[in-house]
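One line per chain: the protein sequences are B and S, in this order. Counting from 1, one number per residue, gives the positions in the first sequence under our numbering. Counting from 1, one number per residue, gives the positions in the second sequence under our numbering. Virtual Cβ for every residue (Gly too), placed ideally from N, Cα, C. From a predicted model like this one, the values you see are computed outputs, not experimental measurements. Okay, so here's the structure we're looking at.
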Amino acid sequence: MCGIVGLFLKDKSLEPRLGDMLTDMLITMTDRGPDSAGIAIYGEGSDKTAKLTVQSADADTDFAALETDLGSAIDAPVKLRRLDTHAVIELPADKLTQARQALRELRPDVRVMSAGESIEIYKEVGLPKDVAHRFGIEKMSGTHGIGHTRMATESAVTTMGAHPFSTGADQCLVHNGSLSNHNSLRRKLRRMGMNIETENDTEVGAAYLSWKMQNGSTLGEALESSLEDLDGFFTFVVGTKDGFGVVRDPIACKPAVMAETDQYVAFGSEYRALVNLPGIEDARVWEPEPATVYFWSH
Amino acid sequence: MQTFDLEAQGLRALNETLHAQATDTNQTSWEVINAKGSHAIAVGLDAPIEVTVKGSTGYYCGGMNKQATINVHGSAGPGVGENMMSGTIIVEGDASQYAGATGHGGLLVIKGNASSRCGISMKGIDIVVHGNIGHMSAFMAQSGNLVVLGDAGDALGDSCYEARLFVRGEVKSLGADCEKKEMRPEHIEILKDLLERAGADAKPEEFTRYGSARNLYNFDVDNASAY
């Protein structure tokens, strides 16, 4: 199984409530995926500042002097905000590549969850309500976000096996389903130089999209070609800086419901996830068609 | 009219209460409020009662129904009326995938659209969809009638047996061993009755009948590629 929720706000007045609404949707999807949960939230950003969200199994040690250490390594102002096992590091955008290199040397055990202008990814093992509360997701504001509750089938229950998976700057992927050609595709993508860290099928899907985009595809084109190259079941929701996209495999046995009002576009694996959204009674509610790419952006 | 607040009283209490209604119950009319997409609403009923669900339902609403009439004032999630035996289910909105799957009898009416696998493996149920149906509908359908006022998606009636499929609009593609059939007077009669009972404003003559070409019933090596 697995549960997916997504919310793209059109009405700015709802932005302070994004985290609250997404948390409620995510918790409703607990019985579709009780073993781990994650959320990608897109908040305020500027093209001069990069945000690096990192995770550590030993956050007390790893994050203690990281702000100073990283600042001296890249010779630029760095701001670190810790949330439980994660930390969001803000630094000048032009120093991002250098910072990621320095981070690998300074703290080899720290994992990068996401990088970009506005994206922050938080994910951990545990019940969705516990994961959401650990990071205080309900208090976060933003323009759009995607959440995932995981019931693992293809790889172990670990933080790195949880979704969303980052697919590039400000991009992420969540998946309900299982890919059957992920082993061969992983080998192929690794030969092409893609970095794939886990045995997880979704990470291969994410790396595939990144690889396509590095080779000149737009996200829409990459999603279109995923219908040809990925074998298995999938409902994907993809987040970008400006919005989110949805694609289902041609068999479309993994559920998906969408709702749209003047205020938002919402995605849920089930209608249940959407019932507490404002004005849902009068929303246009439909199921996304199989093998069709949908996209909403600001 | 008995009103049941699903949110306050819970799903188990709802289904236990409805199951407790005997054939000669005086409480024949029930209204379920705060459905909120919950799963398994009014499953396994076996009494001639009327249940109206306010709002949309989740998985398997009205599954295994016998005798009861269930109205969904909203849309229905996957597997509405799955394996129903008799009675009537009417969905005012849309239905998700595999509506009426494996149904043995009764009437399932969907006033909006139904998505993929509508009537998969149906075994005697009558399904009337006022709108369109998705791909792989009536896959392995064995008997009963599937009536579609709109269009059908890919692979309609793949590997079907003796179910009758009536489509008024376009069929995107037919599945293996499904073919267009002649509309005979008895089919017009069946359709007329079903359309009337489903409150559908359409003429039987506007429909095309599809059914099994019966080439895959017995294994023939020349048909190997079609399996």
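Partner residues on chain B for residue i, Cβ-Cβ distance less than 7 Å
i, result
"GLY37/S", "GLU270, TYR271, ARG272 and VAL275"
Alpha carbon of residue i to alpha carbon of residue j, nearest angstrom
i, j, result
"THR102/S", "SER121/S", "5 Å"
"LEU185/B", "GLU82/S", "38 Å"
"ASN195/B", "THR208/S", "54 Å"
"GLN21/S", "GLN27/S", "8 Å"
"PRO164/B", "LEU209/B", "14 Å"
"GLY193/B", "ARG187/B", "10 Å"
"THR17/S", "GLU170/S", "44 Å"
"THR97/B", "GLY6/B", "29 Å"
"SER141/B", "LEU191/S", "55 Å"
"GLU124/B", "MET85/S", "45 Å"
"VAL265/B", "ASP193/S", "41 Å"
"HIS299/B", "LEU173/B", "Residue 299/B is absent from the model: chain B starts at 1 and stops at 298."
"ILE39/B", "GLY145/B", "7 Å"
"ALA93/B", "HIS130/S", "55 Å"
"PHE234/B", "SER166/B", "17 Å"
"THR68/B", "ILE121/B", "23 Å"
"GLY119/S", "GLY136/B", "45 Å"
"LEU83/B", "ASP20/B", "17 Å"
"VAL32/S", "ASN65/S", "16 Å"
"GLU196/S", "ASN71/S", "17 Å"
"GLY153/S", "ALA141/S", "16 Å"
"SER46/B", "ALA64/B", "26 Å"
Option nearest residue i by Cα separation, candidates the options
i, options, result
"VAL204/B", "MET160/B, GLY71/B, ASP262/B and VAL265/B", "MET160/B"
"GLY177/B", "GLN214/B, THR198/B and SER155/B", "SER155/B"
"GLN171/B", "HIS144/B, THR218/B, ASN200/B and SER114/B", "SER114/B"
"VAL51/S", "TYR60/S, THR3/S and VAL80/S", "THR3/S"
"GLY239/B", "ASP69/B, SER180/B and GLY116/B", "GLY116/B"
"LYS241/B", "LEU83/B, ILE41/B and ILE27/B", "ILE41/B"
"MET1/S", "LEU14/S, SER29/S and LEU11/S", "SER29/S"
"GLY71/B", "LEU91/B, ASP84/B and ALA57/B", "LEU91/B"
"ARG32/B", "ALA169/B, GLY232/B, LEU127/B and GLU199/B", "LEU127/B"
"ASP201/S", "VAL148/S, GLY79/S and GLY10/S", "VAL148/S"
"ALA152/B", "THR28/B, ASP35/B and ASN276/B", "ASP35/B"
"ALA68/S", "GLY79/S, TYR60/S and ILE49/S", "ILE49/S"
"ILE74/B", "PHE267/B, LYS95/B and GLY268/B", "LYS95/B"
"LEU227/B", "LEU179/B, LEU22/B and GLY216/B", "LEU179/B"
"ALA132/B", "ARG284/B, ALA222/B and ALA37/B", "ALA37/B"
"SER143/S", "HIS135/S, ASN132/S and GLY157/S", "GLY157/S"
Residue j beta carbon less than 8 Å from that of residue i
i, j, result
"THR53/B", "VAL88/B", "yes"
"GLY55/S", "ASN34/S", "yes"
"GLY106/S", "ILE125/S", "yes"
"ASN213/S", "ASP177/S", "According to the sequence shown, residue 213/S is Ala rather than Asn. Result yes, Cβ atoms of ALA213/S and ASP177/S sit closer than 8 Å."
"PRO250/B", "ALA291/B", "yes"
"PHE244/B", "TRP211/B", "no"
"LEU274/B", "VAL246/B", "no"
"PRO304/B", "ARG248/B", "Absent from the structure is residue 304/B, since the part of chain B shown begins at 1 and ends at 298."
"HIS175/B", "PHE236/B", "yes"
"SER118/B", "LYS48/B", "no"
"SER116/S", "ALA252/B", "yes"
"LYS139/B", "ILE27/B", "no"
"VAL293/B", "GLY220/B", "yes"
"SER137/S", "PRO255/B", "no"
"LEU18/B", "GLN263/B", "no"
"GLY100/S", "ILE127/S", "yes"
"VAL230/S", "ALA40/S", "Shown here, chain S extends from 1 to 227; a query on residue 230/S therefore has no answer."
"SER38/S", "ARG107/B", "no"
"GLU179/S", "TYR217/S", "no"
"HIS298/B", "THR158/B", "no"
Where residue i falls, given that 16 or more other Cβ within 10 Å makes a residue buried
i, result
"HIS182/B", "buried"
"ASP24/S", "exposed"
"THR61/B", "exposed"
"GLN101/B", "exposed"
"PRO204/S", "buried"
"ALA76/S", "buried"
"LYS12/B", "exposed"
"ARG164/S", "buried"
"THR218/B", "exposed"
"HIS19/S", "exposed"
"GLU270/B", "buried"
"TYR98/S", "buried"
"SER225/S", "exposed"
Cross-chain neighbours of residue i in chain S, by beta carbon under 7 Å
i, result
"VAL285/B", "SER75"
"PRO278/B", "Per Cβ cutoff of 7 Å: no residues; PRO278/B is ~15 Å from chain S at best."
"ALA252/B", "SER116"
Under 8 Å from the C-beta of residue i: neighbouring residues of chain S
i, result
"PRO290/B", "SER116, GLY134 and HIS135"
Contact list for residue i against chain B, beta-carbon separation under 8 Å
i, result
"PRO78/S", "PRO255"
9 Å Cβ cut-off: residues of chain B touching residue i
i, result
"CYS58/S", "Note that residue 58/S corresponds to Gly in the displayed sequence, not to Cys. Within 9 Å Cβ-Cβ: GLU270, TYR271 and ARG272."
Chain A within 8 Å of residue i, Cβ atoms only
i, result
"SER96/S", "Reference to chain A is not applicable here, since the protein chains of this structure are B and S."
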